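In this note's numbering, the protein residues as written are 689 to 1094. Ideal Cβ positions, reconstructed from N, Cα and C, are used throughout, including at glycine. Given the structure is predicted, the values throughout are model-derived calculations rather than measurements.
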Ligand code: SF4
């Protein structure tokens, strides 16, 4: 593939305009989310965005690699029925599919593979890991991989860089595991940076749950599961505004974290995602539909003019967001982590991204446990940048609590 300069200027590769958003349930008079038991039923009568031409353009699935048990499962059959024209290729494992995972031969068609290919598998390992920063726990994800193609994304590193979405069809087992884990924790003993009172489970570590909802009901099932919990809530970061999520009636037990960065950086780096303006504009709709709405200021990429660009983002948040969003908002600040192998892959398809991502004079390497060389801003550069961003937040969005910054 030639150089990708982010989405086309006509927006043809953007997902949809804001007019595609429904308004969700009306809020109560005090501004708190409004919803009752009929909310989801009524909303389900509306046509789903995932069946729209815009969604089909993002995911024109032509080939599905499927483990036999995954294809035969109820969730697998639902997914295959949604893409009746796709060729189905049986594979023994969702790992290591020749020509799909790994890097060779895929750089030139990486972005196309992400939209045209799906993988169905079963998650064999059901493990919830402690986190303590963004969430208390990292849940076993219901997917791995992403249809979007952010140039800095760490998700493909284990499977290879074409890494399209793998949907795990054994969602019942994932939810049963979570139910046991939550039950074992009991009540949260004291507030922490993750949440005042709920155990927070990140359900989207290795993908984007909003995009997953274009493919299957896995995200919906997780939102419905967590809305019944008194002691836990789900959390996921997203760069994609999927209006179908507005119908899920999460009752405050799912935190959606819209990732933000200056729009000019996003146009260069966040390939195939919803425009930043749309993510900000969607916040009130998601709050009114029953979500807790937070923001990820991430990744923060240092380049000439970065502080001015972030100032504009923060001013826009302050101008656009209604008070009811501001009252409950919080954010995470995450400085860019890059990777030498990803840098080399990106040089093959998106070298302009590397002009801002790869800054050896500002960065230091750190060998990870699996031998990969991760690259971060040096301790001094990072500390100064985090402090600068904290100062900007205090000046322009003093209502925006920073849950953590690193
Ligand atoms: S949306 Fe998230 S998971 Fe998807 S490519 Fe971008 S950073 Fe990776």
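Compute the Euclidean distance between the alpha carbons of residue 928 and residue 878, then round it to the nearest angstrom. It is roughly 33 Å from the alpha-carbon of residue 928 to the alpha-carbon of residue 878.
From residue 885 to residue 919, what does the alpha carbon distance come to, in whole angstroms? When only Cα atoms are considered, residue 885 and residue 919 end up about 7 Å apart.
Enumerate in chain order the residues of its own chain whose CB-to-CB distance from residue 781 is below 8 Å, with the five nearest sequence positions on each side excluded. Only 755, 809 meet the Cβ criterion.
Starting from residue 809, follow the alpha helix (DSSP H) in both directions and report where the run begins and ends. DSSP places residue 809 in no alpha helix (DSSP H) but in the uninterrupted beta strand (DSSP E) bounded by 805–809.
What is the DSSP secondary structure of residue 840, counted as helix, strand or coil? Residue 840: coil per DSSP, three-state reduction.
Stretch-stretch touch, CB-based, cutoff 8 Å, three pairs: the stretch 840–857 with the stretch 739–746: Touching, no.
So which of 968, 916, 1033, 1072 has the shortest CA-CA distance to residue 1093? Closest by alpha carbon: 1072.
Counting only the same chain and skipping the five closest in sequence on each side, list residues whose C-beta sits under 6 Å from that of residue 738. Cβ neighbours of residue 738 beyond the five flanking positions: 902, 932.
So, residue 862 versus residue 814, is the Cβ gap smaller than 8 Å? The Cβ-Cβ distance between residue 862 and residue 814 falls below 8 Å.
Compare the Cα-Cα distances from residue 986 to each of 883, 1045, 939 and report the closest residue. Of all alpha-carbon atoms in 883, 1045, 939, the one lying nearest the alpha-carbon of residue 986 is that of 1045.
Sort 989, 868, 849 by Cα distance to residue 634 and report the nearest one. This structure gives no information on residue 634, because the portion of the chain shown stretches from 689 to 1094.
Mapping DSSP to helix, strand and coil, what is residue 954? Shown here, residue 954 sits in a helix according to DSSP, grouped into three states.
With respect to 7 Å, is the separation between the Cβ of residue 836 and the closest non-hydrogen atom of the ligand SF4 below this value? Yes; taking the cut-off as 7 Å, the Cβ of residue 836 has a heavy atom of the ligand SF4 nearer than that.
Residues near residue 823 in its chain [Cβ-Cβ closer than 7 Å; skip 5 each side]: If we look at residue 823 and ignore the five residues flanking it on each side, its Cβ neighbours are 882, 888, 889, 890, 923.
Have a look at 999, 1037, 817 and flag the residue whose alpha-carbon is nearest the alpha-carbon of residue 865. Nearest C-alpha to residue 865: 817.
Looking at C-beta atoms only, is the number of pairs between the stretch 1013–1020 and the stretch 994–1004 that lie closer than 8 Å three or more? Because the criterion of three Cβ pairs below 8 Å is not met, the stretch 1013–1020 and the stretch 994–1004 do not touch.
So is the beta-carbon of residue 847 under 7 Å away from any non-hydrogen atom of the ligand FAD? Among the ligands modelled here, namely the ligand SF4, the ligand FAD does not occur.
To test your reading of the DSSP string, which unbroken beta strand (DSSP E) runs of 3 or more residues are found completely within the stretch 991–1044? If we require 3 residues or more, the beta strand (DSSP E) runs fully inside the stretch 991–1044 come out as 1018–1023, 1025–1027.
If you measure between the beta carbons of residue 1074 and residue 1050, is that distance less than 8 Å? No, the Cβ-Cβ distance between residue 1074 and residue 1050 is not below 8 Å.
Between residue 905 and residue 790, what straight-line distance do the alpha-carbon atoms span, to the nearest angstrom? Cα to Cα, residue 905 sits roughly 28 Å from residue 790.
Can you pull the DSSP bridge partners for residue 1053? The partner list for residue 1053 (beta bridge, DSSP) reads 1063.
Indicate, with yes or no, if the ligand SF4 has a heavy atom lying under 7 Å from the CB of residue 890. Relative to the ligand SF4, residue 890 has its C-beta separated by 7 Å or more from all heavy atoms.
CB residue 897 to CB residue 926, shorter than 8 Å? Cβ distance < 8 Å, so residue 897 and residue 926 count as in contact.
Are the Cβ atoms of residue 984 and residue 959 separated by less than 8 Å? For residue 984 and residue 959, no; Cβs fall outside 8 Å.
Identify every residue that forms a DSSP beta bridge with residue 923. As computed with DSSP, residue 923 is found in a beta bridge with 890, 943.
What does the Cβ neighbour count give for residue 760, buried or exposed, with the cut at 16 atoms within 10 Å? Residue 760 should be labelled exposed.
Just verifying my parser: in three-state terms, what is the DSSP assignment at residue 756? Collapsing the DSSP output to three states places residue 756 in a helix.
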